[in-house]
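Following my numbering from start to finish, the sequence shown increments by one per residue and tops out at 84.
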Amino acid sequence: MTTTPKTGLEALLRPEDSILVLVDHQPYQFANLHSHEPTMIINNVTALAKLARVFNVPTILASMAVLGQQRLHEATWAGAVAPG
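This is how it looks when you write it as structure tokens:
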């Protein structure tokens, strides 16, 4: 099966062909991060999430918390993640 590479406008990402996944963007994750300012990361992620909403890109937000020895997983999403 051969496919022709898309060119022009067909080569661009479209909301219906995309999904945004945000994983573990929690303030305590930034405590030992020295490559970027935590405020800048939070602002950039917030802007990215808002743009995803404006362009109707389905978004999944996943986070993990540790309670004692037990890991708690949580995931939420906004928007359709399957056609239809």
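Backbone N, C-alpha and C define an ideal beta-carbon position, used for all residues, glycine too. Note that the structure is a prediction, hence the values are computed from the model and not measured.
According to the DSSP secondary-structure assignment, valine 21 is paired through a beta bridge with Ile60.
For tyrosine 28, the closest of Asn56, Thr7, Thr39, Val21 by C-alpha to C-alpha distance is Thr39. With distances taken between CA atoms, serine 18 lies nearest to Arg53 out of Ser63, Thr7, Arg53. The C-beta of valine 57 has 16 or more other C-beta atoms within 10 Å across all chains shown, which makes the residue buried. Of Leu13, Arg14, Val45, the smallest CA-CA separation from aspartate 24 is found for Val45. Counting other Cβ atoms within 10 Å of its Cβ, leucine 20 reaches 16 or more and is therefore classed as buried. Membership of lysine 50 in the alpha helix (DSSP H) is indicated by the continuous run 38-54.
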